[in-house]
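Visitor: As they're listed, the protein sequences go chains L and A. If you want the working numbering, it's the position in the first sequence, counting the first as 1, plus 6. If you want the working numbering, it's the position in the second sequence, counting the first as 1, plus 25. Mind having a look at this structure? Questions to follow.
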Amino acid sequence: MPRPEEVTLLLNSASGGDPAAPGRLLELVYDDLRRLAAAYLKNERNAQTLQPTALVHEAFVRLVDWQNVSWQSRAHFFAAAAKVMRHVLVDHARSKRAQKRDFGQRIALADAVSYPSGREFDLLALEEALLSLERVDERQARVVELRFFGGLTIREAAHVLGVSETTVKNEWEFAKAWFQRELTRGS
Amino acid sequence: MPQQSERQRLKDVFALALERPKEQRQAFLSEACGGDAGLRFEVESLLAAYDEPHHVIERADFAVSSILGAAGAGYEGKRFGRYRILRELGRGGMGAVFLAERADGEFEQKVALKVVRRNLADTGLERRFRQERQILAGLSHENIARLLDGGVGEDGEPFLVMEYVDGSPVDDYCEANGLSTEARLRLFLEVCDGVAYAHQHLIVHRDLKPSNVLVTPSGTPKLLDFGIAKILDPEQLGEQTRTEHRAFTPEYASPEQVAGEPVTTAADVYSLGVLLRNLLQAGAARRVRRNPEARPLGVGDDAQTEATNLPTRPEKGGAWETGHKFFGVELRNIVAMATREEPGRRYPSVEQLAEDVRRYLAGLPIRAQHDSLTYRAGKFVRRNRSAVIAASLVVLALVGGIAATTWQAGVARAERDRARAALAKAERVSAFLSTALSYSNPAAAGEAGNNRRDATINQMLDDVAPRVESELADQPEVRAALESTIGSAYLAQTRVADAERYLNAALGGQLRLYGEEHPETARTLAALAGAQTLRGDYGGAAQTVRRAIAAYRGLRLKGHDGLERPMAEALALYGDILWSRGEYDASYAAYGEGLTLVPLPQAGDRELAATMKAGLGQSRYAQGNLGEAASLLREAVAEYRGQPRARWRLSGTLNFLSQVLTHRGEFDEALAFLREGEAVSREQLGENSWPFTRSLYLQAYALCLKGYYADAERALGRAEGYVSRNFPGDKMWEANVADLRGMVLTRTGRAREGEAAARRAPGTCGRGRRRAS
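Shown next as structure tokens:
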């Protein structure tokens with residue numbers, strides 16, 4: 007577990023524009039976040055009502071001396087954490103699907119992560135769509151990753167990506183429509 | 026790269042199309058796409074997907090900073106619709122509130138902008154929001170913070186714009202300004218005004234609590250967040266088991282809200298009741314805080330406890346809470362009625378609640394009657410019984426006197442015989458009464474004897490009373506005297522309606538004959554005050570007894586002798602009434618003055634003196650002075666012990682003394698007194714009497730505080746047996762028993778059971794309230 011000061015320092019320098027900081031930050035927190043996520047997911051009930059960003063927040067609280075961190079720095083942390091979160095969730099969904107296959111069950115709603123509303127959500131389908139989006143439009147995919155997995159606001163995402171808020175907004179709206187079309191096609 | 030620019034074009038057209046109103050889209054697309062059918066197809070299919078009601082990907086829980094609790098970083102300067110954020114004001118379960126201003130510089134006024142925390146699956150929020158805004162915007166009232174505007178921010182965050190109220194929460198305001206009870210009540214009435222107005226517009230607040238009632242520096246309370254809870258309560262989301270979805274505060278939430286059942290205006294009545302209790306209590310608790318000896322206890326007065334005087338429990342790791350909830354019985358009744366478990370049993374409307382508070386302030390009888398007739402009879406009638414003996418003998422003397430006069434006048438033999446017969450009869454009745462009534466102790470002849478005697482007295486009264494009006498029409502003085510005596514006799518039998526009828530008749534006559542300043546009139550006034558007390562009209566009783574006291578004072582100043590005892594008794598009654606109304610300083614003064622009047626050293630006077638001391642002790646207790654209370658009560662107990670005739674009074678006083686000692690942590694002594702009290706009341710009043718059951722209950726209580734939980738449970742079980750047998754359906758007892766059981770269970774590690782038990786206690790105003798989990 008990295009010392010909170012280390013993380014804070016990195017966050018601040020990332021916010022200050024140090025290009026290497028985000029990468030180092032990610033390395034630093036990656037293992038811990040994975041561990042936290044895994045522990046969180048072990049609890050069956052949590053796995054049922056998963057909210058990725060809640061987990062990130064939890065991690066944030068534990069790892070960072072966040073009282074002294076600016077919102078810009080937090081945005082960077084969440085950006086880094088969003089990646090981790092995505093990996094963790096996708097891995098988890100994949101392993102669940104593998105389990106179901108082993109037991110010979112139908113995969114119809116396999117690896118579904120359900121949200122509090124009870125709506126089923128096919129995370130692996132989203133991941134596939136996101137991967138193909140990354141190949142075609144990296145920035146838009148990043149926006150999706152930041153907002154969906156990281157829970158960043160438009161302003162925070164704009165800061166992290168170094169673009170205007172309008173740009174982020176446009177990317178997000180388009181992405182919503184695109185995913186909507188992709189993921190509900192044929193259903 | 027052709028693909029890139031194609032894609033960029035697609036994105037641009039899409040973005041522009043979104044900006045257009047839907048009707049204009051087709052026209053726009055024709056223009057923008059030109060002849061590019063492929064592009065148009067793409068854009069249209071994307072727009073169709075975008076227009077679908079629920080998006081597959083939505084941004085998850087936003088407002089990161091509000092979750093983490095840091096200062097609203099990232100929000101300063103942020104635009105929400107026409108407004109710009111200046112700084113954060115506060116943060117709550119439903120979101121964060123910011124101070125904001127119009128970005129276009131249109132108005133100077135600062136506003137409060139509340140950013141609503143939306144959870145992932147709440148897709149209908151904006152729609153409900155729009156619906157409610159219409160209604161809420163129409164609320165225009167002095168005591169309601171106006172909802173000005175609202176919308177959805179660029180990040181999809183719904184927000185509300187409200188009148189900015191620069192004030193403090195109502196409970197803090199009362200404390201900071203050291204408001205008296207009356208001032209707090211008047212403030213509370215204004216709050217009720219606001220709520221009632223909204224109810225008329227069919228808006229239920231659902232989340233009334235001190236932080237939602239801000240008081241401006243000029244002293245005007247303003248209600249916040251009206252109807253907000255409804256907007257945020259997505260019916261779509263079946264069970265809400267997660268804390269952050271809850272849109273109310275547990276202590277102030279009505280039982281039906283906690284259970285997730287439909288909510289009506291009755292829920293607001295409940296919350297107002299809790300608010301009232303807390304506003305009143307804060308003042309009372311402060312009195313006790315000054316007393317370093319005080320340990321937590323909120324158990325009620327001498328013989329009985331009103332439901333809202335509940336024992337307290339340690340909170341937050343052992344730090345004791347000062348739980349002295351001593352405020353008058355009428356206010357307790359109002360609170361109890363507002364906070365009943367079943368919505369149907371509360372005040373039907375906020376107006377009625379406010380009306381009762383107004384009546385209390387005006388000294389008029391209130392609608393809420395939580396204390397029972399038995400309670401009041403036990404408290405007030407005992408004293409009257411001794412007066413009744415003397416009075417009854419007076420009746421007979423008068424009757425005999427009439428006969429004697431007639432006889433002495435030397436009338437014809439037939440009439441003489443009749444007169445002699447009447448006199449003989451009177452003497453026989455007098456003799457009977459002398460023996461039967463010579464004990465002020467009602468249990469002297471055993472219970473069967475009681476009933477027999479009571480039946481006889483009732484019979485007599487019912488026979489004699491109607492005749493007075495007709496037979497003594499031409500003798501107004503005698504008639505008035507007899508009516509007064511009969512009234513007192515009815516009072517002693519707790520036949521309140523009959524008592525008042527005759528006492529009022531007597532009073533009318535005596536005022537005409539003698540005026541107010543006359544011993545007879547004063548005596549009737551005092552008796553009438555007793556009847557009003559029994560009926561529960563404490564305000565009226567106070568006024569009446571004050572007249573009696575004033576009359577006695579005037580008479581004594583004029584040199585009238587022998588009025589010390591009746592005046593002292595009137596003062597004692599006044600002290601009782603004041604104590605019941607929570608006016609402890611005044612009650613202490615009344616008892617004190619009474620004590621100075623009591624002429625010693627006759628036995629009957631010593632009993633009266635002891636009664637005064639007991640009253641003084643109770644007042645001191647309620648004022649928070651436990652040491653003096655204990656010593657005064659000890660003196661009273663010692664006096665009563667030395668008088669066999671007053672033994673029945675001993676039990677009530679022992680109970681109260683034990684209560685004080687328990688409060689001081691002197692459990693062993695308290696228990697010793699209680700065991701004595703148990704024996705005395707069993708002997709004097711019987712096992713079915715209130716003081717007997719009370720002593721059992723108090724033993725359970727002391728044992729629990731002492732930590733002897735097994736013994737406490739046993740004692741409580743015993744008490745419960747008597748309660749269910751003798752006082753079934755009595756809300757006060759139910760509440761006390763349930764709450765104590767809850768405490769025992771909680772302390773012995775059976776917390777869940779404990780909470781369930783406490784929750785069952787009726788009218789506990791949320792003290793037993795726990796979150797449904």
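Quick reminder that beta carbons are idealized off the backbone N, C-alpha and C, glycines included.
Find the residues of chain L that neighbour tyrosine 108(A), judging by a C-beta separation of less than 7 angstroms, and give them in chain order.
Guide: On the second sequence, residue 108(A) is found 83 positions in, with the first residue counted as 1. Here the premise fails: no neighbours, minimum Cβ distance about 16 angstroms.
Visitor: When the Cα atoms are used, what is the spatial distance from isoleucine 82(A) to phenylalanine 185(L)?
Guide: On the second sequence, position 57 is the one that residue 82(A) refers to. On the first sequence, position 179 is the one that residue 185(L) refers to. Cα-Cα distance, rounded: 7 angstroms.
Visitor: For phenylalanine 132(A), which residues does DSSP report across the bridge?
Guide: For the purposes of this step, residue 132(A) is taken as residue 107 along the second sequence, with counting starting at 1. Phenylalanine 132(A) pairs with nothing; no bridge assigned.
Visitor: What residues from chain A crowd round glutamate 179(L), counting only those whose CB sits closer than 9 angstroms?
Guide: Working through the first sequence from its first residue, we reach residue 179(L) at position 173. By Cβ distance, chain A contributes Phe39, Ala40, Leu43, Tyr75.
Visitor: When we look at the beta-carbon of arginine 104(A) and count the other beta-carbons within 10 Å, is it buried (16 or more) or exposed?
Guide: Working through the second sequence from its first residue, we reach residue 104(A) at position 79. So arginine 104(A) counts as exposed.
Visitor: Mind pulling the chain A residues with CB within less than 7 angstroms of leucine 189(L)?
Guide: For the purposes of this step, residue 189(L) is taken as the residue at position 183 of the first sequence. The contacting residues are Val81.
Visitor: Are the stretch 671-680 of chain A and the stretch 701-711 of chain A in contact at 8 angstroms, needing three or more beta carbon pairs?
Guide: At 8 angstroms Cβ cutoff, the stretches touch.
Visitor: Does the Cβ-Cβ distance between valine 705(A) and leucine 682(A) come in under 7 angstroms?
Guide: Start at 1 with the first residue of the second sequence, and residue 705(A) comes out as number 680. Start at 1 with the first residue of the second sequence, and residue 682(A) comes out as number 657. Going by C-beta atoms, valine 705(A) is not nearer than 7 angstroms to leucine 682(A).
Visitor: Chain L beta carbons: is any one of them nearer than 7 angstroms to that of lysine 139(A)?
Guide: Here residue 139(A) corresponds to residue number 114 of the second sequence, with the count starting at 1. Judged by the 7 angstroms Cβ criterion, lysine 139(A) is not in contact with chain L.
Visitor: What are the partner residues of glycine 60(A), as DSSP defines its beta bridges?
Guide: Taking the second sequence and counting its residues from 1, the one referred to as residue 60(A) is at position 35. Answer is none; glycine 60(A) lacks a bridge partner.
Visitor: Can you grab the Cα-Cα spacing for the pair tyrosine 527(A) / histidine 585(A), in whole Å?
Guide: Counting from 1 along the second sequence, the entry for residue 527(A) is found at position 502. Counting from 1 along the second sequence, the entry for residue 585(A) is found at position 560. Using only the alpha carbons, I get a separation of about 27 angstroms.
Visitor: Do you know how far the Cα of cysteine 729(A) is from the Cα of threonine 771(A)?
Guide: On the second sequence, position 746 is the one that residue 771(A) refers to. On the second sequence, position 704 is the one that residue 729(A) refers to. Their Cα atoms are separated by approximately 11 angstroms.
Visitor: Mapping DSSP to helix, strand and coil, what is alanine 393(A)?
Guide: As a position in the second sequence, residue 393(A) is number 368, starting the count at 1. Of the three classes helix, strand and coil, the one that applies to alanine 393(A) here is coil, per DSSP.
Visitor: Are any of the Cβ atoms in chain A nearer than 7 angstroms to that of phenylalanine 154(L)?
Guide: Taking the first residue of the first sequence as position 1, residue 154(L) is located at position 148. Interface residue, yes.
Visitor: For the candidate residues Gly59(A), Arg211(A), Arg32(A), whose alpha-carbon lies nearest to that of arginine 145(L)?
Guide: The residue labelled residue 145(L) in the question sits at position 139 within the first sequence. The shortest Cα separation from arginine 145(L) among Gly59(A), Arg211(A), Arg32(A) belongs to Arg32(A).
Visitor: What are the residues of the stretch 645-666 of chain A that lie near chain L, defined by any Cβ-Cβ distance shorter than 8 angstroms?
Guide: Flagged: no residues at all.
Visitor: Which word fits lysine 22(A), buried or exposed, when buried means at least 16 other C-beta atoms lie within 10 angstroms of its C-beta?
Guide: Residue 22(A) lies beyond the range of chain A shown here (26 to 798); nothing can be said about it.
Visitor: Using a C-beta to C-beta distance shorter than 8 angstroms, which residues of chain A count as neighbours of alanine 183(L)?
Guide: Reading the first sequence from its first residue, position 177 is the one you call residue 183(L). Going along chain A in sequence order, the residues near alanine 183(L) (Cβ under 8 angstroms) are Phe39, Leu71, Leu72, Ala74, Tyr75.
Visitor: At which residues does the beta strand (DSSP E) containing glutamate 188(A) begin and terminate?
Guide: What you label residue 188(A) is simply residue 163 of the second sequence in a count that begins at 1. Element bounds for glutamate 188(A): 183-188.
Visitor: Of the residues that make up the stretch 134-163 of chain L, which ones have a beta carbon closer than 9 angstroms to any beta carbon in chain A?
Guide: Those residues of the stretch 134-163 of chain L that come within reach of chain A (Cβ to Cβ, closer than 9 angstroms) are Val142, Asp143, Gln146, Val150, Arg153, Phe154, Phe155, Gly156, Gly157, Leu158, Thr159, Ile160, Arg161, Glu162.
Visitor: Using only alpha-carbon positions, find the residue among Leu249(A), Phe66(A), Glu200(A) that is nearest to valine 136(A).
Guide: For this step, residue 136(A) is matched to residue 111 along the second sequence. That would be Leu249(A), whose Cα lies nearest to the Cα of valine 136(A).
Visitor: State yes or no: is the beta carbon of lysine 135(A) nearer than 7 angstroms to at least one beta carbon in chain L?
Guide: Indexing the second sequence from 1 puts residue 135(A) at position 110. Closer than 7 angstroms: no.
Visitor: Cβ of threonine 789(A) less than 7 angstroms from any chain L Cβ?
Guide: The residue given as residue 789(A) occupies position 764 in the second sequence. Annotation note: pLDDT 40 at threonine 789(A) (below 50); position unreliable, no value reported.
Visitor: Determine the burial state of asparagine 713(A): buried for a count of at least 16 other Cβ atoms within 10 Å of its Cβ, exposed for fewer.
Guide: The count along the second sequence starts at 1 and reaches residue 713(A) at position 688. Classification of asparagine 713(A): exposed, given that the 10 Å Cβ count is below 16.
Visitor: Would aspartate 129(A) be called buried (16 or more neighbouring beta carbons within 10 Å of its own) or exposed?
Guide: Position 104 of the second sequence, counted from the first residue, corresponds to residue 129(A). Classification of aspartate 129(A): exposed, given that the 10 Å Cβ count is below 16.
Visitor: So with Cβ pairs under 7 angstroms, would you call lysine 47(A) a contact of chain L?
Guide: Locating residue 47(A) in the second sequence gives position 22, counting from the first residue. No, lysine 47(A) lies away from the interface with chain L (no Cβ there is under 7 angstroms from its Cβ).
Visitor: For leucine 538(A), tell me which candidate among Ser205(A), Glu286(A), Arg504(A) has the shortest Cα-Cα distance.
Guide: On the second sequence, residue 538(A) is found 513 positions in, with the first residue counted as 1. It is Arg504(A) whose Cα lies nearest to the Cα of leucine 538(A).
Visitor: Enumerate in chain order the residues of its own chain whose CB-to-CB distance from leucine 657(A) is below 8 angstroms, with the five nearest sequence positions on each side excluded.
Guide: Counting from one through the second sequence, the residue named residue 657(A) turns up at place 632. The answer, listed in chain order, is Lys638, Ala639, Leu641, Gly642, Arg645.
Visitor: Name the chain L residues that come within less than 9 angstroms of arginine 112(A), Cβ to Cβ?
Guide: Here residue 112(A) corresponds to residue number 87 of the second sequence, with the count starting at 1. The contacting residues do not exist; arginine 112(A) stays about 14 angstroms from chain L at best.
Visitor: Between which two residues does the beta strand (DSSP E) harbouring aspartate 174(A) extend?
Guide: As a working mapping, residue 174(A) is identified with position 149 in the second sequence. Note, aspartate 174(A): beta strand (DSSP E), 172-177.
Visitor: For a quick check, are the C-beta atoms of glutamate 542(A) and leucine 580(A) less than 7 angstroms apart?
Guide: By one-based count along the second sequence, residue 542(A) stands at place 517. By one-based count along the second sequence, residue 580(A) stands at place 555. In this structure, leucine 580(A) lies closer than 7 angstroms to glutamate 542(A) by Cβ.
Visitor: Could you please give the first and the last residue of the uninterrupted alpha helix (DSSP H) stretch that includes lysine 175(L)?
Guide: Taking the first residue of the first sequence as 1, we reach residue 175(L) at position 169. It spans 171-190 - the alpha helix (DSSP H) in which lysine 175(L) sits, taken as one unbroken run.
Visitor: I need the straight-line Cα distance from threonine 290(A) to glycine 732(A), nearest angstrom please.
Guide: Against the second sequence, residue 290(A) aligns to sequence position 265. Against the second sequence, residue 732(A) aligns to sequence position 707. Cα to Cα, threonine 290(A) sits roughly 42 angstroms from glycine 732(A).
Visitor: Under the assumption that alanine 57(A) contacts valine 38(A) (Cβ atoms under 8 angstroms), give the Cβ distance between them as a whole number of angstroms.
Guide: Reading the second sequence from its first residue, position 32 is the one you call residue 57(A). Reading the second sequence from its first residue, position 13 is the one you call residue 38(A). That pair is a contact at about 5 angstroms.
Visitor: Using a Cβ-Cβ cutoff of 7 angstroms, what residues of the stretch 354-387 of chain A are near chain L? List them in chain order.
Guide: Listed by position, the residues of the stretch 354-387 of chain A near chain L (Cβ gap below 7 angstroms) amount to none.
Visitor: Is the distance from the Cβ of alanine 42(A) to the Cβ of arginine 187(L) below 7 angstroms?
Guide: On the second sequence, residue 42(A) is found 17 positions in, with the first residue counted as 1. On the first sequence, residue 187(L) is found 181 positions in, with the first residue counted as 1. No. Outside cutoff.
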